[in-house]
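In numbering that gives the first Met the number 0, the protein residues as written are 0 to 237. From the three backbone atoms N, C-alpha and C, an ideal C-beta is built for every residue, glycine too. Small disclaimer: the values here were computed from a predicted structure and weren't measured. Here's the structure, in structure tokens; my notes come after.
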Amino acid sequence: MKVELTETPKNPIIIEGFPGFGFVATIATEYLLDHLKFKSIGKITSEDINPVAIIHDSKVVQPLEIFYNKKHNIVVLQALTGIKDMEWETVKAIASLYKKLDAKELISVEGIASSVEREEPEAYYYTNASSNKKKLEKADLNPLEEGIILGISGALILKLPKEVKSTFIFAETHSKLPDSRAAAKIIKILDKYLGLKIDPKPLLKKADKFEEKLKNILAQTQKAKKVKKKKETASYVS
């Protein structure tokens, strides 16, 4: 993997979120980009990334694109593709980005599975910087005392160099569907932790409508798959 930058802002905070459980990180980072003034300053490339071209507002969006907000000195790594089997290489790329920018902190956001459905999800943190703990707890976070972290977050926790000051924020989600409530919880926490002055309410307002629509789409998709499988089986038997 290769980090390509057109600008190198100094000492930013980096926020990253890869597609995961409930697509919480994907929704949260997209919401940040939509509600604060960011500009693209680069990308992470690899020939092993799925060749998916994403068009948004008549522009090409890179699978792993890097954005910068000057006002808050924040860099967001937006990931619109999965990186299965490339986790270790991705850790190296993120560590390289951190070093190139001489970043202050890396914040990783993700959904964490929960069997309990709450009106407002609980959120937890893990950090390798003890000086951050009080500030994180003031932002309505509980320390993650027990848990198994998989995927890119697990790889980052295990393999990031010690000099990378890292914080992981996990919001509960009980659903494999896109969970806007958990994403809104992430936004609320980032707002308190970083002083962004960004309102999560619009995300919450559209959550029910969005999730209901998606549930219907997925239900129809599953139904279509069953019909197709039934037809293929019948054809094979005959």
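Exercise for the section: Write down the C-beta distance between His71 and Leu195 rounded to the nearest angstrom, noting that I regard them as a contact closer than 8 angstroms. Expected result: His71 to Leu195, Cβ: 6 angstroms. Contact.
Practice task
With Glu15 as the anchor, note down where its beta strand (DSSP E) starts and where it stops.
Solution key: Taken as a continuous stretch (DSSP letters only), the beta strand (DSSP E) holding Glu15 covers 12-16.
Exercise for the section: Would you tell me roughly how many angstroms separate the C-alpha atoms of Glu29 and Ile54, rounded to the nearest one? Expected result: Rounded to whole angstroms, Glu29 to Ile54 spans 14 angstroms at the Cα level.
Handout entry: Simplified DSSP assignment, three categories, for Phe20
Key = Residue state for Phe20 is assigned as helix, using DSSP reduced to three classes.
Handout entry: Host beta strand (DSSP E) of Ser179 (start-end)
Key = No beta strand (DSSP E) holds Ser179; the alpha helix (DSSP H) holding it covers 179-193.
Problem - Exposure label - Arg180; buried when at least 16 CB within 10 Å - result: Arg180 is classed as buried because its beta carbon has at least 16 other beta carbons within 10 Å across all chains shown.
Problem - Host alpha helix (DSSP H) of Leu203 (start-end) - result: Under the DSSP assignment, Leu203 falls in the alpha helix (DSSP H) whose first and last residues are 200-204.
Practice task
Note down, in chain order, each residue of its chain lying with its Cβ closer than 7 angstroms to the Cβ of Lys184, except the 5 sequence neighbours on either side.
Solution key: Closer than 7 angstroms at Cβ, skipping near neighbours: Glu119, Pro120, Ala122, Ala170.
Problem - Beta-carbon separation (whole angstroms), Thr166 vs Asn131, contact threshold 8 angstroms - result: Between Thr166 and Asn131 a beta carbon distance of about 6 angstroms is seen, short of the 8 angstroms cut, so the two are scored as contacting.
Exercise for the section: Let me know if Pro18 comes out buried or exposed under the rule of 16 or more other beta-carbons within 10 Å of its beta-carbon. Expected result: Buried is the call here.
Handout entry: Presumed contact (8 angstroms Cβ cut-off) between Pro8 and Val74, rounded CB distance
Key = Contact check for Pro8 and Val74: beta-carbon distance about 7 angstroms, within the 8 angstroms limit, so the pair qualifies.
Problem - Ser237 classed as buried or exposed, judged by whether at least 16 other C-beta atoms fall within 10 angstroms - result: Model confidence at Ser237 stands at a pLDDT of 42, short of 50, so the residue's coordinates are unreliable; what they give is reported in the following sentence. Per the 10 Å Cβ criterion, exposed.
Practice task
Would you mind sorting Leu159 into buried or exposed? The rule is 16 or more other CB atoms within 10 Å of its CB.
Solution key: Leu159 comes out buried.
Exercise for the section: Determine, using beta carbons only, whether Ala102 and Pro11 come nearer to each other than 8 angstroms. Expected result: With a cutoff of 8 angstroms on beta-carbon distance, Ala102 and Pro11 are scored as near each other.
Exercise for the section: Whole angstroms is fine: what's the gap from Lys1's alpha carbon to Gly153's? Expected result: Whole-angstrom Cα-Cα distance: 21 angstroms.
Exercise for the section: Have a look at the DSSP bridge pairing and note the partners of Ala92. Expected result: Within the DSSP secondary-structure output, Ala92 pairs in no beta bridge.
Handout entry: Stretch pair the segment 34-49 + the segment 134-149: three plus CB contacts closer than 8 angstroms
Key = Between the segment 34-49 and the segment 134-149 there are fewer than three inter-stretch CB-CB distances shorter than 8 angstroms, so the stretches are not counted as touching.
Practice task
Taking all protein chains shown into account, decide if Thr172 is buried (16 or more other Cβ within 10 angstroms of its Cβ) or exposed.
Solution key: Classification of Thr172: buried, given that the 10 Å Cβ count is 16 or more.
Exercise for the section: Please confirm whether Ile82 and Ile168 have their CB atoms less than 8 angstroms apart. Expected result: No; because the gap between Cβ atoms is not below 8 angstroms, this pair is not in contact.
Handout entry: Alpha carbon of Lys133 to alpha carbon of Lys161, nearest angstrom
Key = Those two C-alpha atoms are separated by around 21 angstroms.
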